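What follows is one structure encoded as structure tokens, with my remarks underneath.
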Amino acid sequence: MTAAIGFLMIIAIVALLLKGKMSPIVVLAVIPVIAALILGFSPVEVMDFIADGIKTTTSNGILFIFSVIYFGVLADTGLFDVIVGWLVKKAGNNVIAVTVVTALIATIAHLDGTTAVTVLITIPAMYPVYKKMNIDSRILLCLTGACMGVMNLLPWGGPTARAATVLAMDATELWHMLIPLQVVGLMMNIVLAVLLGMFAIRHGAGAGKGVEVESDEKAKKEAADLRKSNAYLIFNFLLTVGVIALLSTGIGKSYVIFMLGLCILLAVNYPNQKTQDKLIKKHAPAALIISATLFAAGAMVGVFDGTGMLEAMANAIMAIIPAALGKYIHIIFGILALPLGLCVGTDAYFYGIMPLVMQVGETYGVASLNTALTMLIGKNLALMVSPLVPATYLAIGLTGTELKDHMKFSIPPYYIISLIMLVFGVILGIVAI
7 MTAAIGFLMI IAIVALLLKG KMSPIVVLAV IPVIAALILG FSPVEVMDFI ADGIKTTTSN
67 GILFIFSVIY FGVLADTGLF DVIVGWLVKK AGNNVIAVTV VTALIATIAH LDGTTAVTVL
127 ITIPAMYPVY KKMNIDSRIL LCLTGACMGV MNLLPWGGPT ARAATVLAMD ATELWHMLIP
187 LQVVGLMMNI VLAVLLGMFA IRHGAGAGKG VEVESDEKAK KEAADLRKSN AYLIFNFLLT
247 VGVIALLSTG IGKSYVIFML GLCILLAVNY PNQKTQDKLI KKHAPAALII SATLFAAGAM
307 VGVFDGTGML EAMANAIMAI IPAALGKYIH IIFGILALPL GLCVGTDAYF YGIMPLVMQV
367 GETYGVASLN TALTMLIGKN LALMVSPLVP ATYLAIGLTG TELKDHMKFS IPPYYIISLI
427 MLVFGVILGI VAI
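Read in order, the letters of the sequence shown correspond to residues 7 to 439 in our numbering.
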């Protein structure tokens, strides 16, 4: 009975998230409560389960609030615009340099962990260059998505925080284990950029003379009052390097580092209270929605654990899985992560499928951490090629590319990169077999 209700709950959550009929916050918080009540638990017991679950997400929720606002304000200062402009000038008319610069811009742009922002920084800046030099726009989309997928392993990127929520651990702690694989992924992205540059040359790229990057004068005028001088931008760059360095060392809580970083960023760049309040209100909606979703997911995890549904479902699956394959279930789902990531939304993947696979793995002696690490890699690489991700449509819309063309072109290299990262995870001992 418990397992059956659990499976029905998973199906309901995944279906509702895929259909997009309800907010993930509502789905993740309400459906588990209904399931727990059906199983006969009292409202008081259910509320205790929820409270226990939310406790595990508190630090990650706070991290999202301050990190999203931090990078939003950083973008307002104009730091990203300066970096992008400098890189584009350095690329000149060299096709391979243009593709490599595209990868660098997308990587830097995704420091904030927001897909839409990365798309809006990278594609408008580079698309005129691609058009002028007769470079296939699918290459621009492919490189943007690949870099976004690897950089999204950052603790404030979303998937890592979701996996950490399910594991009941700090997202930054989980990221520290992923850093070597992230480095491998970034190196593979540069290799991919070079190979795609060579591919573009073979298909006639480089015909244009000179690079003229179009700009939106209206947008520039509206943002002019927030842009800062070079002296401020140098300070902002050093501050950001310092914040990331502290996060990498693990000294102090990640949300404390971002909170202090945000305060310094606002105090130095915009000492006026009115401007500070304006910027916080500007970026707060995105930050709060993400954090609220994490708290709702924590409620779901709490109900999962408290009612025993997860264990019951794992036992049911274990009964039909050959024992010989059980100890490799994390590797199997690591290989299947990208295809699954294409078909299943982020919340459904991490809060619906991952907990179940983790529990099954535990019964065969596979640590939940191992399962989470393998399932994170492929899902991240599927980010900007999934038809379930809004940023995918934003990106193809900006380049006038058909979704099917983007998917056919980008999925093979994404899958190869994800498998290489998985293999290196095993070789480096990050993922145990």
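Just so it is clear, CB atoms sit at the ideal spot from N, CA and C, and this is done for glycine as well. Everything numeric in this text was worked out from a predicted model, so none of it was measured.
Just the C-alpha distance for residue i and residue j, rounded to the nearest angstrom, thanks.
i           : j           : result
residue 411 : residue 173 : 37 Å
residue 143 : residue 414 : 13 Å
residue 128 : residue 96  : 15 Å
residue 383 : residue 199 : 20 Å
residue 371 : residue 162 : 30 Å
residue 133 : residue 400 : 13 Å
residue 64  : residue 269 : 20 Å
residue 311 : residue 197 : 43 Å
residue 219 : residue 123 : Confidence is the limiting factor: at residue 219 the pLDDT is only 46, short of 50, which leaves the residue's position unreliable, though a coordinate-based value still follows. Distance between the alpha carbons of residue 219 and residue 123: 19 Å.
residue 13  : residue 21  : 12 Å
residue 189 : residue 325 : 39 Å
residue 217 : residue 398 : Caution is warranted here: a pLDDT of 46 is assigned to residue 217, below 50, making its placement in the model unreliable, and the coordinate value is therefore given only provisionally. Each residue's Cα considered, the two are about 26 Å apart.
residue 73  : residue 329 : 43 Å
residue 407 : residue 138 : 17 Å
residue 29  : residue 293 : 15 Å
residue 111 : residue 363 : 35 Å
residue 10  : residue 365 : 16 Å
residue 90  : residue 83  : 14 Å
residue 55  : residue 432 : 35 Å
residue 136 : residue 150 : 13 Å
residue 244 : residue 264 : 14 Å
residue 146 : residue 152 : 10 Å
residue 283 : residue 334 : 51 Å
residue 100 : residue 37  : 54 Å
residue 131 : residue 367 : 45 Å
residue 418 : residue 193 : 17 Å
residue 260 : residue 249 : 9 Å
residue 155 : residue 342 : 16 Å
residue 180 : residue 7   : 34 Å
residue 297 : residue 66  : 8 Å
residue 140 : residue 191 : 28 Å
residue 277 : residue 236 : 17 Å
residue 159 : residue 19  : 24 Å
Since I believe residue j is in contact with residue i (beta carbons under 8 Å), could you give me their beta-carbon distance rounded to a whole number of angstroms?
i           : j           : result
residue 271 : residue 80  : 7 Å
residue 395 : residue 389 : 6 Å
residue 344 : residue 420 : 6 Å
residue 187 : residue 427 : 5 Å
residue 203 : residue 114 : Rounded, the Cβ-Cβ distance is 19 Å, inconsistent with contact.
residue 171 : residue 300 : 6 Å
residue 440 : residue 281 : Residue 440 lies beyond the residue range present for the chain, which begins at 7 and ends at 439; the question has no answer from this structure.
residue 392 : residue 347 : 6 Å
residue 262 : residue 241 : Residue 262 to residue 241, Cβ: 21 Å. No contact.
residue 253 : residue 178 : 6 Å
residue 437 : residue 376 : 6 Å
residue 358 : residue 76  : Residue 358 to residue 76, Cβ: 30 Å. No contact.
residue 169 : residue 378 : 5 Å
With DSSP collapsed to three states, give me the class of residue i.
i           : result
residue 425 : helix
residue 236 : helix
residue 241 : helix
residue 120 : coil
residue 368 : helix
residue 360 : helix
residue 30  : helix
residue 3   : Any question about residue 3 goes unanswered here, given that the chain covers just 7 to 439.
residue 260 : helix
residue 25  : helix
residue 47  : coil
residue 7   : coil
residue 65  : helix
residue 439 : coil
residue 395 : coil
residue 386 : helix
residue 419 : helix
residue 378 : helix
residue 407 : coil
residue 355 : helix
residue 275 : helix
residue 41  : helix
For chain C, check one thing: does any of its Cβ atoms lie closer than 9 Å to the Cβ of residue i?
i          : result
residue 84 : In summary, chain C is missing from the structure at hand, where a single protein chain is found.
Any heavy atom of the ligand NAP closer than 8 Å to the CB of residue i?
i          : result
residue 67 : No copy of the ligand NAP occurs in the structure displayed, which carries no ligand at all.
Contact between the region 291-306 and the region 58-78 (3+ Cβ pairs under 8 Å)
yes
Quick one: which unbroken beta strand (DSSP E) runs of 3-plus residues sit fully inside the region 280-336? Chain order, please.
none
Any alpha helix (DSSP H) of 4 or more consecutive residues that is wholly inside the region 127-209
143-157, 165-173, 177-208
How do the region 278-297 and the region 36-51 stand: do at least 3 beta-carbon pairs fall below 8 Å, yes or no?
no
What ranges does the beta strand (DSSP E) occupy inside the region 76-102, keeping only unbroken runs of at least 3 residues that lie completely in it?
none
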